[in-house]
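Enquirer: Per numbering that gives the first Met the number 0, numbering of the sequence shown is gapless, rising by one per residue and ending at 210.
Even glycine gets a Cβ: it sits at the ideal position worked out from N, Cα and C.
As the structure is a computational prediction, the values presented were derived from the model and not from experiment.
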Amino acid sequence: MKSTVFICLAAAFAGSLHAQMSAQLSKTGVINFQGAIVATKDGQKAANDLDAKFAPRRKELEQRQNELNGLQDQLAKGQNTLSETAKGDLYKNIEAKKKVLQRDFEDTKEEWEQEQQKLIQQIAQKMSAVIDRYAKDHGFALVVDVSNPQSPILYASPTIEITKDIIELYDQSAPAMTNPAPAKPATPGAAAPKPATPAAKPPATKPPGSN
């Protein structure tokens, strides 16, 4: 009788333990991956470095835009005072400058986006490794990126939000990128190859020439 009771208790305990382990291994977490990248020390420094690198180019484009605006004002004010030849020459000059400025702006914007995407990918690779380790250590069977529009999450309990934990763990475990070497100044007017399609939302910076 005692033997039978012991076997039943053991079976019940094993079943309870199995249920607990199954529940632990089926945990689901959610993370705002894009927001996490921006919030890390690496993400913040990458955004600041990118802005600093392209600041001279942005200033040059703004100066050329102001010059173009001045020529356009000159043409508008001289409609009744300038000769047709003068107005024609001024108009051609404006159109030529406008075309070159637009091309340089697009080239600069593409180079800026390419540099930004490269920095994002570096951080994303390290963060993916951090998430993988965190999920295994805490028994998560699934971690969903709620910043991805392809993940139609309508509701997620705050109790399964792991974004803050991942940011803290990343900053603790990835000091190598925290202080990268300063970026070299960009050469004004240089064309750049087209950037790769962004895999995540970029850090919170503005492209050169934008308001």
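#1: Since residue 118 and residue 45 should fall inside the 8 Å C-beta cutoff, what is the C-beta to C-beta distance between them, to a whole number of angstroms?
#2: Run through the DSSP bridge pairs and tell me what residue 41 is partnered with.
#3: Can the beta-carbon of residue 120 be found closer than 8 Å to that of residue 49?
#4: If contact is defined by three or more beta carbon pairs under 8 Å, each pair taking one atom from either stretch, is the stretch 24–34 in contact with the stretch 138–156?
#5: Roughly how many angstroms lie between the CA atoms of residue 149 and residue 132, to the nearest whole one?
#6: How would you label residue 178, buried or exposed, when you count the other beta carbons within 10 angstroms and need 16 or more for buried?
#7: Specify the secondary structure class of residue 141 as computed by DSSP and reduced to three states.
#8: Is it buried or exposed for residue 166, if we count other Cβ within 10 angstroms and need 16 for buried?
#9: By DSSP's criteria, residue 61 is part of a beta bridge. Which residues make up the other side?
#10: Starting from residue 87, trace the alpha helix (DSSP H) in both directions and tell me its first and last residue.
#11: First and last residue of the alpha helix (DSSP H) that includes residue 80?
#12: Can you list, in chain order, the residues of its chain whose CB lies under 8 Å from that of residue 92, leaving out five sequence neighbours each side?
#13: Determine the extent of the beta strand (DSSP E) in which residue 162 is found, giving its start and end residues.
#14: Taking C-alpha atoms, which residue in 99, 139, 152 lies nearest to residue 25?
#15: For the candidate residues 81, 105, 168, whose alpha-carbon lies nearest to that of residue 56?
#16: Going by the DSSP bridge assignment, what does residue 69 pair with across the sheet?
Expert: So, to answer that:
#1: Here residue 118 corresponds to residue number 119 of the sequence shown, with the count starting at 1. Here residue 45 corresponds to residue number 46 of the sequence shown, with the count starting at 1. That pair is a contact at about 4 Å.
#2: If you number the sequence shown from 1, residue 41 lands on position 42. Residue pairing from DSSP leaves residue 41 without any beta-bridge partner.
#3: Indexing the sequence shown from 1 puts residue 120 at position 121. Indexing the sequence shown from 1 puts residue 49 at position 50. Result no, Cβ atoms of residue 120 and residue 49 do not sit closer than 8 Å.
#4: The answer is yes - the stretch 24–34 touches the stretch 138–156, with three or more Cβ pairs under 8 Å.
#5: Here residue 149 is taken as the residue at index 150 of the sequence shown, counted from 1. Here residue 132 is taken as the residue at index 133 of the sequence shown, counted from 1. Distance from the CA of residue 149 to the CA of residue 132, rounded to the nearest whole angstrom, comes to 24 Å.
#6: Numbered from 1 along the sequence shown, position 179 holds the residue referred to as residue 178. At residue 178 the pLDDT is 43, less than 50, meaning the model places this residue with poor confidence and gives no usable figure here.
#7: Translated into the one-based positions of the sequence shown, residue 141 becomes position 142. Note: residue 141 maps to strand in three-state DSSP.
#8: Stepping through the sequence shown from its first residue, residue 166 is reached at position 167. Around the beta-carbon of residue 166, 16 or more other beta-carbon atoms lie within 10 Å, marking it buried.
#9: Residue 61 sits at position 62 when you count from the first residue of the sequence shown. According to DSSP, which records beta bridges pairwise, residue 61 is partnered with nothing at all.
#10: To locate residue 87, count along the sequence shown from 1; it is residue 88. Where residue 87 is concerned, the enclosing alpha helix (DSSP H) stretches over 83–136.
#11: Along the sequence shown, one-based indexing puts residue 80 at 81. First-last for residue 80: undefined, no H or E at that position.
#12: Residue 92 sits at position 93 when you count from the first residue of the sequence shown. So the list reads 70, once near-sequence residues are dropped.
#13: Numbered from its first residue, the sequence shown carries residue 162 at position 163. Boundaries for residue 162: no beta strand (DSSP E) harbours it, while the alpha helix (DSSP H) harbouring it runs 162–172, taken from the DSSP string.
#14: By one-based count along the sequence shown, residue 25 stands at place 26. Measuring from the Cα of residue 25, the nearest candidate turns out to be 139.
#15: By 1-based counting over the sequence shown, the position of residue 56 is 57. Closest by alpha carbon: 105.
#16: The count along the sequence shown starts at 1 and reaches residue 69 at position 70. Paired residue(s): none; residue 69 is not in a bridge.
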